[in-house]
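Its first residue numbered 127, the sequence shown is counted upward by one per residue in the working numbering.
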Amino acid sequence: MNETRSATTPSREFSGTIEAAMEAEGWLVEACERLGLPSETAFAIGLCVEELFLNAVQHGRASVVTVALNAAADGLSVEVRDDGVPFNPTVVPAKRIEQRCEDFEIGGYGTGLLQKFTRRMSYRHESGRNLVELEFDARRALA
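Set out below in structure tokens:
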């Protein structure tokens, strides 16, 4: 799809498909390497963006998802925009894994994942698009 580059703010638009989510993951790895981010930060960013991207496509029926990285001195912010059904992940309660593995049901844990790996998360809906901004501390390990 479309890619915009600058030294500190790589951005790319992807089609709203599961295959494009995997393409976005590869693009993110390369962008994080170009920015010189620690591998722990790149892993956290990839996991969080994958969660938002797949939910936008599978549940929100998004046809376009745009990812932008914005480097700052004290960290990094990632913006994920989509044209899917409005959904604010900041108000969804974080679900915790409390049962045995054999009883475990996949789904509903994304908010907890986003909270664990980000310094801050915000949401707004503007011009018919969801915009989730995730802030990461790029100076320390996040695991």
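Ideal Cβ placement from N, Cα and C applies to all residues, glycine included.
Residue i beta carbon near the ligand FMN (any heavy atom closer than 7 Å)
i	result
V258	For the ligand FMN, the structure offers nothing, since it holds no ligand at all.
Residues bridged to residue i (per DSSP)
i	result
H251	N256
L291	Limits of the chain in this structure are 127 at one end and 269 at the other, which puts residue 291 out of reach.
R246	E261
Close-in-space but distant-in-sequence residues of the same chain around residue i (CB under 8 Å, 5 per side omitted)
i	result
M247	P215, T216, L240, Q241, V258, E259, L260 and E261
G142	A182, V183, R187, A188, S189, V190, V191, D208, D209 and G210
R160	P136
E252	none
H185	G210, V211 and F213
Buried or exposed (CB count within 10 angstroms, at least 16 for buried), residue i
i	result
E177	buried
P212	exposed
D208	buried
Own chain, CB closer than 6 Å to residue i, minus 5 neighbours either side, in chain order
i	result
A146	F140
A157	P136 and L195
G172	E151 and L154
V218	T237
C-alpha distance - residue i paired with residue j, whole-angstrom precision
i	j	result
R245	L202	10 Å
S165	A199	17 Å
T192	E205	8 Å
C174	F243	8 Å
R250	D263	22 Å
A168	L180	18 Å
E149	R138	11 Å
R255	I144	19 Å
A133	G162	Bear in mind that a pLDDT of 43 at A133, under 50, signals an unreliable position, so the number given afterwards is only what the model happens to contain. Approximately 11 Å between the Cα atoms of the pair.
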